[in-house]
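Encoded as structure tokens, the structure appears first; notes follow it.
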Amino acid sequence: MQNSMKEKDKNHGNIGFVFQNFNLIDKLTVYEYEELPLIYTKVLLAKRKVRVEKVLDQMQIRQRRNHFPQQLSD
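Numbering (this note's numbering), first residue to last: 30 to 103.
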């Protein structure tokens, strides 16, 4: 990222980061990983469930919802 961000970009609120090296929390399941950002943004439980299930269906991994990161490449 450039050092000189425009002032309007700094306050936009929709900037994210993708790290080249990252570590997954091996105690969270696929479902919990998908749910985590919704918890942080205070999405209610019923809506979280619907949204997480929809994403799992779109990614065709509903059957792996209770798997942990280290199990996904099996």
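Glycine included, C-beta positions come from ideal geometry on N, C-alpha and C.
| Item | Value |
| --- | --- |
| DSSP three-state assignment for residue 79, whether helix, strand or coil | helix |
| Which of helix, strand or coil DSSP assigns to residue 86 | helix |
| Alpha-carbon to alpha-carbon, residue 91 and residue 59 | 9 Å |
| Three-state class that DSSP yields for residue 54 in the structure shown | coil |
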